[in-house]
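Trainee:
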Amino acid sequence: AQSVTQLDSQVPVFEEAPVELRCNYSSSVSVYLFWYVQYPNQGLQLLLKYLSGSTLVKGINGFEAEFNKSQTSFHLRKPSVHISDTAEYFCAVSERNAGNMLTFGGGTRLMVKP
Amino acid sequence: GAVVSQHPSWVICKSGTSVKIECRSLDFQATTMFWYRQFPKQSLMLMATSNEGSKATYEQGVEKDKFLINHASLTLSTLTVTSAHPEDSSFYICSARDPGSSYEQYFGPGTRLTVT
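Chains as they are written, first to last, in this note's numbering: chain A, 1055 to 1168; chain B, 4 to 119.
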């Protein structure tokens, strides 16, 4: 069975500063990796996904993530954050051929301050 | 893109009553839908996998007699919380599998349930 660890429950950052949200996973088989964003009282919106190929994945809203197989990580980055990026971010993993079953990390609250 | 809706977006009910939450795929047919539960400031926990025309598969620790799931059509799955208690208060989110993809899920906007 797979598991996902988001090392930081909260990340405060000033507007226009860079940010990295960390995600590590464990699985005995190949996986798909996802980052989702959740705004208050809303569902999840897909930011980006890694399926195969290039390890650097670009998503919406200026976010990108890099898959590192040796470190089993999939950290999310943005070079310059905006106030509107304040939200909860979830890393998720799905084992290939596992019927879309997603396992979520605990979430990281990104708090962008002016 | 694919859209999943949920109804209602929020509901308040009295302890002991039952509440039904609907999850619809608006522009695609979903043979598989998933139901998640999210407590405040916590992650999503998968409750059950709903397959059209068959019984739902519940995750360990989820009471199937309390959380009734019905997936009667390719665009609708319902979650009924029976004899609700205050500890059932939570944010319930559904998602639907993209039939053309082996990995994609589309999430609904969630339903906030408060049991008084």
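Each residue gets a CB set at the ideal place from its N, CA and C atoms; glycine is no exception.
#1: Return the residue from the list A:Leu1098, A:Val1166, A:Arg1131 and A:Gly1113 that minimises the CA-CA distance to B:Phe110.
#2: Could you check which residue in B:Trp38, B:Leu79, B:Leu47 and B:Ser92 has the C-alpha nearest to that of B:Thr60?
#3: In chain A, what lies closer than 8 Å to B:Ile96 by C-beta?
#4: Rounded to a whole number of angstroms, what is the C-alpha to C-alpha distance between B:Ala87 and B:Ser28?
#5: Going by the CB atoms, is the gap between B:Ala75 and B:Glu62 shorter than 8 Å?
#6: Which residues of the segment 1081-1112 of chain A have a Cβ closer than 9 Å to any Cβ of chain B? Give them in chain order.
#7: Would you report the Cα separation of A:Gln1125 and A:Cys1077, rounded to the nearest angstrom?
#8: The beta strand (DSSP E) with B:Glu90 in it runs from where to where?
#9: From B:Thr119 to B:Gln41, what does the alpha carbon distance come to, in whole angstroms?
#10: For A:Phe1158, write down the residues that DSSP places opposite it in a beta bridge.
#11: Would the segment 64-79 of chain B and the segment 4-19 of chain B be scored as touching if the rule is three or more Cβ pairs under 8 Å?
#12: Is A:Gly1160 closer than 8 Å to A:Ser1063 when the C-beta atoms are compared?
#13: To which residues of the same chain is B:Leu116 closer than 7 Å at the C-beta, ignoring the five residues directly before and after it?
#14: Mapping the DSSP letters down to three states, classify A:Asn1095 as helix, strand or coil.
#15: Quick one: list the residues of chain A neighbouring B:Leu82, beta-carbon separation under 8 Å, in chain order.
#16: Residues of chain A with CB under 7 Å from B:Ser46, in chain order?
Mentor: Short version:
#1: The residue labelled residue 110 of chain B in the question sits at position 107 within the second sequence. Nearest C-alpha to B:Phe110: A:Leu1098.
#2: Taking the first residue of the second sequence as position 1, residue 60 of chain B is located at position 57. Ranking B:Trp38, B:Leu79, B:Leu47 and B:Ser92 by Cα distance to B:Thr60 puts B:Trp38 first.
#3: The residue given as residue 96 of chain B occupies position 93 in the second sequence. Going along chain A in sequence order, the residues near B:Ile96 (Cβ under 8 Å) are Gly1097 and Leu1098.
#4: For the purposes of this step, residue 87 of chain B is identified with residue 84 of the second sequence, where counting begins at 1. For the purposes of this step, residue 28 of chain B is identified with residue 25 of the second sequence, where counting begins at 1. For B:Ala87 and B:Ser28, the distance between alpha carbons rounds to 26 Å.
#5: Here residue 62 of chain B refers to the residue found at position 59 when the second sequence is read from its first residue. Here residue 75 of chain B refers to the residue found at position 72 when the second sequence is read from its first residue. Contact: no.
#6: Tyr1086, Phe1088, Tyr1090, Gln1092, Asn1095, Gln1096, Gly1097, Leu1098, Gln1099, Leu1100, Lys1103 and Leu1105
#7: Within the first sequence, the letter at position 71 stands for residue 1125 of chain A. Within the first sequence, the letter at position 23 stands for residue 1077 of chain A. Going from the Cα of A:Gln1125 to the Cα of A:Cys1077 covers about 10 Å.
#8: Looking up residue 90 of chain B in the second sequence gives position 87. Looking at the DSSP string, B:Glu90 is not in any beta strand (DSSP E), and its letter there is neither H nor E.
#9: As a first step, residue 119 of chain B is located in the second sequence; it is residue number 116 there, counting from the start. As a first step, residue 41 of chain B is located in the second sequence; it is residue number 38 there, counting from the start. Going by the C-alpha atoms only, they are around 18 Å apart.
#10: Locating residue 1158 of chain A in the first sequence gives position 104, where the first residue counts as 1. Note: A:Phe1158 sits in a beta bridge opposite A:Ala1146.
#11: no
#12: For the purposes of this step, residue 1063 of chain A is identified with residue 9 of the first sequence, where counting begins at 1. For the purposes of this step, residue 1160 of chain A is identified with residue 106 of the first sequence, where counting begins at 1. Their beta carbons are under 8 Å apart, which means A:Ser1063 touches A:Gly1160 by this criterion.
#13: As a working mapping, residue 116 of chain B is identified with position 113 in the second sequence. Taken in chain order, the residues that qualify are Val14, Val22, Val84, Asp91, Ser92, Ser93 and Tyr95.
#14: Residue mapping note: residue 1095 of chain A aligns to position 41 of the first sequence, counting from 1. In this structure, A:Asn1095 counts as coil in the three-state DSSP scheme.
#15: By 1-based counting over the second sequence, the position of residue 82 of chain B is 79. Near B:Leu82 there are no residues of chain A at all, since even the closest Cβ is about 14 Å away, more than 8 Å.
#16: Counted from its first residue, the second sequence places residue 46 of chain B at position 43. Phe1144, Phe1158, Gly1159, Gly1160 and Gly1161, listed in chain order.
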